[in-house]
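Residues -26 to -1, 1 to 346 in mature numbering (1 follows the signal peptide of the UniProt record, and there is no 0) are what the sequence shown lists, from first letter to last. All residues carry an ideal CB built from backbone N, CA and C; glycine is no exception.
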Amino acid sequence: MNLKFKNIFFILTLLLILLFTGKTYAEDKNNIASYDPIRGKILKVTKEYNETQGEGKESNKIKVQNLQVEILEGSHKGEKVSIDNHVNLSKQNGTFYEEKDEVMLITEEDNGKLVSVSIYQLARDKYLKYFVIGFCIIMILIGRWKGIKSLLTLGITVFFVFNVFLKYILKGYNPFIISILVCICITTTTFIIVSGINKKTISAILGTTGGVIISELIAILVGNLCKVNAISSEEAQVLLYSNLNSSLNFKNIFFATVLIGALGAVMDVSMSISSSMYEIRQANRNISTPELMKAGMNIGRDIMGTMSNTLVLAYASGATFLILSYMANGITLGDIINQDMIVCEIIKTLSGSIGLIFTIPITVIISGFLDR
């Protein structure tokens, strides 16, 4: 694919993403509840003091902040209110606020007049925006044109996950089918933008697709054998009792997350092998296809250990607080590994790793076949 065609493809893809993203956000905006938090700003911490609630072992040390807050948006924009912020020092929860901090407020009105105002949480989006901007700048400075294309592929991934995968699962579509289609779309668009349309890209796409499908099939097999229900987590319980128009199959949603979670590592392995075999062929035109495939397998074996560790460590870090809570309550290892949530994490880790391992021979075979 020549440079002109690649640039046209790049621009059209970007425009399509912006178009569909804008449409989705517009649809969501019409569904915003009237009880949305509004933004405010801490003008002054007028007073701070400590107090104790309860007696004996049940007592808690509380720090109280009296805050002067200005409302920054809504019908009461510009009004100043006084709010008490209580922080439980014994349980290390709550947030201390300082002057100039922006916060999200919950207001209650009666005939247009403010009845009560409370702080919902700290407004953290401003700092996250700076973080994202810094990330983009670093990627562009170091990667240059490829950095820009990498940002585009990242945007495509975010779009498909939030505006297709999650959205259509909530609408009641089959999570298994949706996850496979999303993975194929992410893989195809990412590899084409990064590497163009060629044999290397085709083998990487097919290798990735084969790997993640195997990963999901293994998760389904083991999950059914272990009879996981995937509704033990607090988040799943909230979703279970939420006001949804469609019934959700939590087990299928769990199986779909296995595929999505393994996709990044599988894509990395598949493209690394495909690209390496392509470069070997370019450097040595006389190498035979069996020798090229042998070299590809050797490269895959070197990658396999580190990428499996990547999946294990990623899932382990996500389950750290869960495992710590079990250990702190004296639950034995035998009981821990039989918990539904822990079994789900183990299935995610191992099925993702197995799918990653199968990606290696699949990519090597396809690359060797296309090389003939």
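Open item on the list: Using DSSP's beta-bridge definition, name the partner residues of isoleucine 171.
Closed with: DSSP, once it has assigned bridges, lists no residue as partnering isoleucine 171.
Open item on the list: I'd like the span of the alpha helix (DSSP H) that includes glutamine 27, first residue to last.
Closed with: Here glutamine 27 belongs to no alpha helix (DSSP H); instead the beta strand (DSSP E) covers 12 to 27.
Task: Residue span of the alpha helix (DSSP H) that contains glutamine 313, given as start and end - done: Neither: glutamine 313 is in no alpha helix (DSSP H) and is coded neither H nor E.
Open item on the list: As an exercise, report each continuous beta strand (DSSP E) stretch of at least 3 residues that is fully enclosed by the segment 100 to 141, in chain order.
Closed with: none
Open item on the list: Can you tell me whether isoleucine 345 is helix, strand or coil according to DSSP?
Closed with: Contrary to the premise, residue 345 reads as aspartate rather than isoleucine in this sequence. Three-state result, aspartate 345: helix.
Task: phenylalanine 139 and isoleucine 234 closer than 8 Å at C-beta - done: yes
Open item on the list: Excluding the 5 residues flanking leucine 237 on each side, which residues of the same chain have their C-beta closer than 8 Å to its C-beta?
Closed with: Cys157, Ile160, Thr161, Thr182, Val186
- [ ] Answer with buried or exposed for asparagine 59, where buried requires no fewer than 16 other C-beta atoms within 10 angstroms of its C-beta.
- [x] buried
Task: Meets three-Cβ-pair contact criterion under 8 Å: the segment 302 to 310 and the segment 243 to 252 - done: no
Open item on the list: Can you tell me where the beta strand (DSSP E) holding valine 77 begins and where it ends?
Closed with: 76 to 84
TODO: Give the DSSP bridge partners of glutamine 95, in chain order.
DONE: Met78
Task: Limits of the unbroken beta strand (DSSP E) element including leucine 222 - done: Per DSSP, leucine 222 belongs to no beta strand (DSSP E) and is neither H nor E.
- [ ] Would you mind sorting serine 291 into buried or exposed? The rule is 16 or more other CB atoms within 10 Å of its CB.
- [x] exposed
- [ ] Look at the alpha carbon of lysine 35 and the alpha carbon of glutamate 72, and state the distance between them as a whole number of angstroms.
- [x] 20 Å
TODO: Measure the CB-CB distance between valine 240 and leucine 330 and report whether it falls below 8 Å.
DONE: yes
Task: Residue from Ala302, Lys103, Asp75 with nearest C-alpha to glutamine 95 - done: Asp75
TODO: Evaluate contact between the segment 163 to 177 and the segment 186 to 195, counting only Cβ atoms and requiring at least three cross-stretch pairs below 8 Å.
DONE: no
Open item on the list: Going by DSSP in three states, glutamate 72 sits in which element: helix, strand or coil?
Closed with: coil
- [ ] With DSSP collapsed to three states, give me the class of lysine 35.
- [x] strand
TODO: May I ask you to report which of helix, strand or coil DSSP gives valine 55?
DONE: strand
- [ ] Helix, strand or coil for glutamate 47, going by three-state DSSP, please let me know.
- [x] coil
Task: Proximity of serine 169 and threonine 337 at Cβ, strictly below 8 Å - done: no
Task: Close-in-space but distant-in-sequence residues of the same chain around alanine 293 (CB under 6 Å, 5 per side omitted) - done: Glu319
Open item on the list: By the three-class DSSP mapping on this structure, what secondary structure does serine 90 have?
Closed with: strand
- [ ] Write down the C-beta distance between tyrosine 289 and lysine 268 rounded to the nearest angstrom, noting that I regard them as a contact closer than 8 Å.
- [x] Not really, about 32 Å apart at Cβ, beyond 8 Å.
Task: Neighbour-count burial assignment, valine 317, 16 or more Cβ in a 10 Å radius - done: buried
Open item on the list: What would DSSP say about leucine 233, mapped onto helix, strand or coil?
Closed with: helix
- [ ] Just the C-alpha distance for glycine 146 and isoleucine 152, rounded to the nearest angstrom, thanks.
- [x] 10 Å
- [ ] Taking the CB atoms as reference points, tell me whether glycine 121 and isoleucine 130 lie closer together than 8 Å.
- [x] no
- [ ] Name the residue from Asn148, Phe229, Val106, Asp242 whose alpha carbon lies nearest to the alpha carbon of leucine 324.
- [x] Phe229
- [ ] Assign asparagine 260 to one of three DSSP states: helix, strand, or coil.
- [x] coil
Task: Secondary structure of asparagine 40, DSSP reduced to three states - done: strand
- [ ] State the DSSP-derived secondary structure class of valine 156, mapped to helix, strand or coil.
- [x] helix
Task: C-alpha distance - threonine 20 paired with glycine 14, whole-angstrom precision - done: 16 Å
Open item on the list: Among Gly270, Asn312, Glu53, Ile111, whose alpha-carbon lies nearest the alpha-carbon of proline 335?
Closed with: Gly270
Task: Endpoints, the alpha helix (DSSP H) within which isoleucine 305 is located - done: Here isoleucine 305 belongs to no alpha helix (DSSP H), and DSSP marks it neither H nor E.
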